[in-house]
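Data first, discussion second: the structure below is written as structure tokens.
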Amino acid sequence: MILTTLRQQTICLLVEELYEKNADDFRQMSSAQIVVKTLLDNPSSVRSKFQAKQLHAQIIKHEKNNPIHLTAVLSIYSNFELLHESLNLFNILHSRSSLAWKSIIRCYTSHGLSLLSVSSFIQMRVSGIYPDHNVFPSVLKSCTLLKSLRLGESIHGCIIRLGLDFDLYTGNALMNMYSKLEDLHRNCETRIQPATVSDEIPQRKLGNVCRTNLSSTSTSYDVAHEFERRMAGISPTVSLNPTISHKTQYVGEIVDQFGGISRGEMPSREASKVFQSSMNKVFEMMPTRDLVSWNTVIAGNAQNGMYEEALTMVRDMGNANLKPDSFTVSSVLPIFAEYADIGKGREIHGYAIRHSFDSDLYLGSSMIDIYAKCTRVDAAYRLFCLLSYRDSVSWNSMIAGCVQNGLFDDGLRLFREMLAAKVQPGYVSFSSIIPACAYLTTLHLGKQLHAQILRCGLDKNAFVASSLVDMYAKCGYIKIARCIFDEMELRDMVSWTAMIMGYALHGHAHDALSLFQKMKIEGVKPNYVAFVAILTACSHAGLVDEAQDYFDKMVHDYGISPGLEHYAAVADLLGRVGRLKEAYDFISSMPAPTGSVWSTLLAGCRVHKNIEMAEKVAEQLFKVDPENMGAYVLLSNIYSGAKRWRDAAKVRIAMKNKGMKKKPACSWIEMKKKVHAFVAGDKSHPDYDRINDALEVLLEQMEREGYVPDTSEVLHDVEEELKRSLLSSHSERLAIGFGLISTPPGTTIRVTKNIRVCTDCHTAVKFISKIVGREIIVRDNSRFHHFRDGKCSCGDYW
DNA sequence: CTAGGGTTAG
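Residue numbering for the first sequence follows the working numbering, starting at 12 and increasing by one per position.
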């Protein structure tokens with residue numbers, strides 16, 4: 012008995028119910044036929060793929076391949092996203108009904124086969140079948156996936172001509188298409204070519220709309236209408252369906268209505284205000300709107316930077332008696348994340364809890380992000396732990412949250428945990444984690460990640476490539492950084508900035524300047540950070556005039572108001588070249604000078620041994636930042652350098668009284684995929700004795716060549732002899748010593764230090780580089796020092 | 001037919 016084979020209680024009930032109603036009709040039928048008819052009349056009652064196949068089998072057995080029944084099965088297969096089964100059926104159908112086409116198109120779309128979906132739609136039109144409102148959502152989704160606005164516009168034209176633009180689902184799909192594609196295309200000067208449609212399909216090409224007749228403020232919506240007008244002039248391969256001609260008339264009125272709004276009749280000054288996205292136009296025209304309509308238009312506005320509009324619409328939703336759901340909320344949360352508005356974030360979190368969708372994965376990822384952006388990594392991590400299921404986005408949010416808050420080791424640990432959880436890292440994962448390697452100078456990890464990126468084929472992604480450029484530059488491999496930069500297909504402003512900053516850090520100012528020029532020639536507009544990079548490059552190379560020029564251009568030509576970093580770079584530069592008075596006046600002209608800006612000038616005073624200016628600067632500095640320890644150290648060094656021991660001592664006593672302790676200096680070096688870290692006077696390393704022996708031999712030779720230890724920066728009040736031994740046990744020297752004994756002659760040594768290199772070590776390393784005939788690269792907290800043949804790339808100013 | 005995460009910073 013088939014009923015028992017199908018084994019579905021609800022179906023039995025349905026059959027019984029129908030049997031009651033149509034008892035006469037059913038009397039002639041076999042029980043198998045009854046079941047088949049019941050299921051075909053109620054396709055949604057088929058609950059599993061297995062049942063669908065059983066039904067198919069029964070039809071073959073009892074109905075002799077009745078095409079209507081087979082089409083119904085095809086539709087059911089397509090509901091279950093069974094592509095192969097659907098295709099097999101579709102291919103044996105000789106005459107394909109509207110339902111058959113709709114089913115196969117939907118199936119292609121659900122499998123991401125967008126091109127096949129769209130070309131089937133065209134074939135369907137060619138074969139004389141009229142599309143109905145069920146087919147457009149799928150076709151439009153495919154246009155969206157193909158990123159082809161033109162195709163979407165053409166389809167929209169079709170929809171208008173068939174009078175289907177008032178359909179709810181079609182309208183929703185249209186808004187989604189426009190929200191994803193219109194902004195994308197507006198930002199491109201040349202519109203992306205429409206996807207080429209497979210050659211096998213012999214029909215006119217869609218998407219050949221020429222925009223020359225349209226004003227610059229016309230939108231895709233207008234183009235769709237224009238397309239329809241043109242189509243009306245071309246003899247169509249398919250004759251118009253007479254039942255919908257009155258609708259076409261009506262559409263004509265709407266075309267004119269829109270034409271009036273956006274055909275450039277308003278003054279061009281108002282163009283940006285007048286411009287209304289096609290998405291919003293569709294939304295306004297919709298006769299009925301459901302929750303999905305609101306969510307789509309809110310998300311669209313939020314993603315296109317129209318924050319006010321998006322938030323207003325959330326309020327308007329309430330007037331339409333619709334409650335924000337998890338979709339609404341996770342569309343607007345990124346707005347508050349951008350403003351790091353933890354208050355609004357908590358409010359929404361509370362709303363989600365009250366409406367019991369707080370365990371939603373999308374909401375969870377957004378909440379992790381917003382807590383992390385408000386530096387509440389602990390709260391973010393608690394939320395992350397509470398998620399019952401974690402996808403790549405929730406992992407990425409958590410990893411990025413750690414890295415952006417300086418928790419690099421935690422970020423790396425989570426990245427490994429993600430891999431262990433069998434979640435594939437994508438380009439977002441890599442661009443989130445690579446900065447951790449850049450900050451930590453852990454090149455071996457960076458290289459492993461780079462290898463994985465190449466294996467996944469993600470190396471062309473601009474975000475990933477930019478982070479790699481930065482990572483290699485920060486690990487001292489400026490040439491590799493440049494290679495990756497040159498290999499990039501699309502360079503955005505961030506890629507250029509990363510490369511320029513790389514050159515700046517390495518003191519290659521002229522490379523930085525020429526790149527900045529090239530960037531502008533290629534039409535990439537520099538932003539705040541790009542100017543930080545170029546000013547830093549000038550500052551590290553003493554290019555005063557160029558820096559002042561860039562500073563002025565930034566303010567006047569680009570309308571960027573200078574920030575702390577810009578002031579600091581220029582002040583640093585003026586100080587560096589000895590124009591201390593100018594620097595002083597420049598900083599005084601700032602809206603609110605900070606301790607860090609003043610202390611760059613203090614460093615300039617140290618280099619140029621100007622004590623009066625140093626005291627003036629220090630006075631200003633301690634007014635705004637009395638706890639700036641670096642400034643105390645600098646000032647004390649300045650006094651010591653001028654042999655004003657008494658004043659130097661006073662400063663040190665003041666530091667002591669304030670309970671200030673120097674940040675422990677630490678240097679590290681990578682050796683055979685392992686990081687070896689050293690602090691001053693550190694004897695814990697297993698090779699300590701060998702390192703010490705090597706450094707002693709070197710010290711003797713250095714002194715023969717004229718090295719005199721500069722003990723003026725030793726803050727401890729101890730005997731001169733002890734001071735000298737303290738100097739030679741500084742962390743960078745231990746790390747360099749370890750590098751020398753662990754690598755073959757001639758190998759470049761790369762060391763990273765967490766604070767500024769001291770004056771004496773800087774001199775010492777210059778001697779060492781000459782004696783051992785090696786390049787020694789030291790990265791301190793602000794830049795790279797390339798020591799080679801007794802000289803340093805920083806020109807002794809840092 | 002609708003939603004979340006990413007690169008540059010004296």
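Where a beta carbon is used, it is the ideal one built from N, C-alpha and C, also for glycine.
- For Trp809, there is no enclosing beta strand (DSSP E), as DSSP marks it with neither H nor E.
- With respect to Ala552, Ala520 sits close: the two C-beta atoms are nearer than 7 angstroms.
- Of Ile782, Thr155, Lys683, the smallest CA-CA separation from Glu714 is found for Ile782.
- By the beta-carbon neighbour count (other beta carbons within 10 angstroms, threshold 16), Trp656 is exposed.
- Exclusion of the five residues before and after His687 leaves Trp679, Ile680, Glu681, His696, Ala746, Phe749 as the residues of its chain whose Cβ lies within less than 8 angstroms of its Cβ.
- Note on Gly513: 16 or more other CB atoms within 10 angstroms of its CB, so buried under the neighbour-count rule.
- When DSSP reads this structure, Ala688 sits in a beta bridge with Trp679.
- Put simply, of Gly641, Leu645, Trp609 the residue whose alpha carbon is nearest the alpha carbon of Val618 is Leu645.
- Looking at the DSSP output, Phe798 bridges to Ile787, Cys803.
- Contact between Val46 and His67 does not hold, since their C-beta atoms are separated by about 13 angstroms, which reaches or exceeds 8 angstroms.
- In this model, Ser442 and Leu374 are separated by some 22 angstroms (Cα to Cα).
- In this structure, Lys471 lies near Glu500, with their beta-carbon atoms less than 7 angstroms apart.
- Around the beta-carbon of Asn102, fewer than 16 other beta-carbon atoms lie within 10 Å, marking it exposed.
- Taking the Cα of Gly163 as reference, the smallest distance to any Cα among Ile171, Cys448, Met328, Cys154 is reached at Cys154.
- In the three-state scheme derived from DSSP, where H, G and I count as helix and E and B as strand, Thr763 is classed as strand.
- When only Cα atoms are considered, Ile353 and Asp568 end up about 35 angstroms apart.
- Counting other Cβ atoms within 10 Å of its Cβ, Asp563 stays below 16 and is therefore classed as exposed.
- Annotated as proximal: Ile787 and Ile760, with beta-carbon spacing under 7 angstroms.
- Going by C-alpha positions, Pro602 is about 10 angstroms away from Leu575.
- Ala484 and Gly457 have their alpha carbons spaced roughly 11 angstroms apart.
- Taking a C-beta distance under 7 angstroms as the contact criterion, Met666 and Tyr643 qualify as a contact pair.
- Going by beta carbons, Thr611 and Ala582 fall inside the 7 angstroms limit.
- Per the coordinates, the alpha-carbon of His773 lies some 25 angstroms from the alpha-carbon of Lys685.
- Sequence-distant partners of Ser376 (beyond 5 residues in either direction) whose C-beta falls short of 6 angstroms from its own C-beta, in its chain, are Val404, Ser405, Ser408.
- By a beta-carbon distance limit of 8 angstroms, Ser304 contacts Met297. Their separation comes to about 6 angstroms.
- In this structure, the straight-line span from the alpha carbon of Asp420 to that of Ala509 is close to 23 angstroms.
- In the three-state reduction of the DSSP assignment, Glu74 falls in the coil class.
- If you draw a 10 Å sphere on the C-beta of Ile79, you find fewer than 16 other C-beta atoms in it, and that means exposed.
- Following the DSSP letters along the chain, one finds Leu524 inside the alpha helix (DSSP H) bounded by residues 520-532.
- Rounded to whole angstroms, the separation of the alpha carbons of Val543 and Leu322 is 33 angstroms.
- Going by DSSP, Glu626 is part of the alpha helix (DSSP H) stretching over 622-635.
- When rounded, the separation of the alpha-carbon atoms in Pro436 and Arg401 is 13 angstroms.
- For the pair Pro345 and Phe395, the Cα-to-Cα distance works out to about 17 angstroms.
- Here DSSP, grouped into helix, strand and coil, assigns Met317 to coil.
- DSSP, read as helix, strand or coil, puts Lys433 in coil.
- Residue nearest to His73 within the set Gln44, Asp560, Ile87, His461 is Gln44 (criterion: CA-CA distance).
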